[in-house]
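Heads up, the thing below is written out as C-alpha cells.
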Amino acid sequence: MSPLALILDLLGVLVAALLLGLAAWGVGIAILAWVVTRAALGPFVLARAAAGLTVAAIVYVGLALALTLALPA
C-alpha cells in the first residue's frame, strides 16, 4: 500500500471517529434534555440523532471494508 493511500485511509478513519463522536454527543444531549425536562422528544431531535448515527455508521463500515480489502502494493 502506498504511503498516500495509507495516509488517506487513516484520515478517513479519523473522520469516521469524529462523525461517530458527534452523533453520540447529539444523542446524549437529546437524552439528557429528556431526563431533565421529562418533555417528549420532538421528531426533529430524534430524526437528527438517527441520521447522524446512520451516516457515521455507513462511513465507518465503508472505511473498515476499504482498509480490510485494500489491494497489496
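When we follow the numbering used here, the leftmost residue of the sequence shown carries the number 783, and every step to the right adds one.
Note that the Cβ used here is the ideal one computed from N, Cα and C, for glycine as well.
With residue i and residue j assumed to form a contact (beta carbons below 8 Å), what rounded beta-carbon distance in angstroms separates them?
i: A838; j: A798; result: 7 Å
i: L849; j: D791; result: 5 Å
i: G810; j: R830; result: With 8 Å as the limit, G810 and R830 do not qualify as a contact, their Cβ atoms being about 13 Å apart.
Flag residue i as yes if its beta-carbon sits less than 8 Å from any beta-carbon of chain D, otherwise no.
i: A815; result: The chain inventory of the structure shown lacks chain D, comprising one protein chain alone.
Pick from the options: whose alpha carbon is nearest that of residue i?
i: A846; options: L793, S784, P785 and L828; result: L793
i: G844; options: V795, L786, G824 and A787; result: V795
i: A812; options: A848, L800, L801 and V827; result: V827
i: L802; options: L835, R830 and L788; result: L835
Please classify residue i: does DSSP put it in a helix, a strand, or coil?
i: A829; result: helix
Which value, in whole angstroms, describes the spacing of the CA atoms of residue i and residue j?
i: A815; j: L804; result: 16 Å
i: R820; j: A806; result: 20 Å
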